[in-house]
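Remarks on the structure that follows.
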Amino acid sequence: MSLHQHFVASTLAVITLASAASASIAAPVFYGPSAYLSSADIPVGFYAGASPTFLDTLEDGALNGGLSANTGSVISPAQWGSLVDSVDADDGNIDGLGNQGHSWFSGSGSAGITFTFNSPTQLPTAFGLVWTDGAGSITFSARGEDGALLGSSTFSGFADNSFYGTTADDRFLGVHFAGGVKSITISNSSGGIEVDHIQYGHMVTAVPEPETYSMLLAGLGLIGTVARRRSAKANA
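This is the structure:
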């Protein structure tokens with residue numbers, strides 16, 4: 011093999027290694043379920059700059075921020091009284107109850123609710139919500155720009171089966187994907203379903219692991235060593 015051919019082959023090997031590392035970094039990462047009583051409970055590291063680009067508390071009675079839902083609607087205390095289960099802090103107090111705020115409700119938890127980002131701007135790379143009420147097991151999934159499923163997870167054991175605004179079982183669920191998240195879907199296996207604090211933003215930029223840097227540098231070093239040895243032999 012000539013020096014040029016060896017150099018090309020070695021370079022391609024390092025590029026392949028770098029591509030594999032990038033693919034690993036780009037894999038979707040799911041967060042939750044984690045307890046959530048206010049926006050202060052957004053998981054650490056979920057958003058770049060620690061804050062979402064947009065968070066909808068639904069307190070104005072509408073779904074905003076370029077989002078749409080395939081089913082359900084905002085419900086309020088005026089309509090539903092003590093049955094509303096908003097995020098605890100939305101009424102100004104964290105007191106174990108969320109029935110003085112607004113939430114998004116659908117009568118069929120098993121069918122679930124899909125929230126889709128419809129703005130012409132760049133897709134969010136971090137997208138989440140808070141499940142506040144329902145029964146049985148809870149399933150959270152997400153889809154990318156092309157509609158392909160990014161992943162789906164099912165959880166159980168935290169629904170308290172109370173429909174009177176209790177907040178101890180409220181849980182945050184979200185996803186990171188560098189390629190952009192088009193929609194998220196939440197469902198529970200029985201009863202209706204309620205959610206709140208639908209939110210999105212940008213994920214913290216992924217940084218390659220130290221081992222990845224070491225492997226890349228080692229590969230580049232190998233290229234340089236081989237090139238020097240071949241050159242020395244050619245000039246001998």
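According to my numbering, the sequence shown is numbered sequentially starting from 11.
Just so it is clear, CB atoms sit at the ideal spot from N, CA and C, and this is done for glycine as well.
Being a predicted model, the structure only gives us computed values, none of them experimental.
- May I have the straight-line CA-CA distance separating Thr-63 from Ser-129, to the nearest angstrom? Their Cα atoms are separated by approximately 13 Å.
- Item | As assigned by DSSP and simplified to three states, the class of Ala-37 | Residue state, collapsed to three classes: coil.
- Item | Secondary structure, beta strand (DSSP E): runs of 3+ residues fully inside the region 75 to 99 | The qualifying runs are 77 to 79 and 83 to 85.
- Looking only at its own chain, which residues have a Cβ that is under 8 Å from the Cβ of Leu-114, when we skip the five neighbours before and after it? It should be pointed out that residue 114 corresponds to Trp in this sequence rather than to Leu. Excluding residues within five positions, the ones whose Cβ falls inside 8 Å are Leu-68, Leu-73, Ala-79, Gly-82, Ser-83, Val-84, Ile-85, Ile-123, Glu-204, Val-205, Asp-206 and Ile-208.
- Query: Alpha carbon to alpha carbon, what distance is there between Ala-37 and Asn-171?
  - Reply: Computed Cα separation, rounded: 34 Å.
- May I ask which residues mark the beginning and end of the beta strand (DSSP E) holding Asn-198? Here the beta strand (DSSP E) through Asn-198 covers 191 to 211.
- Item | Backbone CA spacing between Ser-200 and Asn-109 [nearest angstrom] | Taking C-alpha positions only, Ser-200 is separated from Asn-109 by approximately 21 Å.
- When you compare only the Cα positions, how much space is there between Ser-116 and Asp-143? Rounded to the nearest whole angstrom, the C-alpha separation of Ser-116 and Asp-143 is 10 Å.
- Since Gly-91 and Val-214 are thought to touch, with beta carbons under 8 Å apart, how far apart are those beta carbons, to the nearest angstrom? That pair is no contact at about 41 Å.
- Item | Nearest neighbour of Leu-183, chosen from Ala-99, Val-94, Ser-162 and Gly-76 [CA to CA] | Of the candidates Ala-99, Val-94, Ser-162 and Gly-76, the one whose C-alpha sits nearest the C-alpha of Leu-183 is Ser-162.
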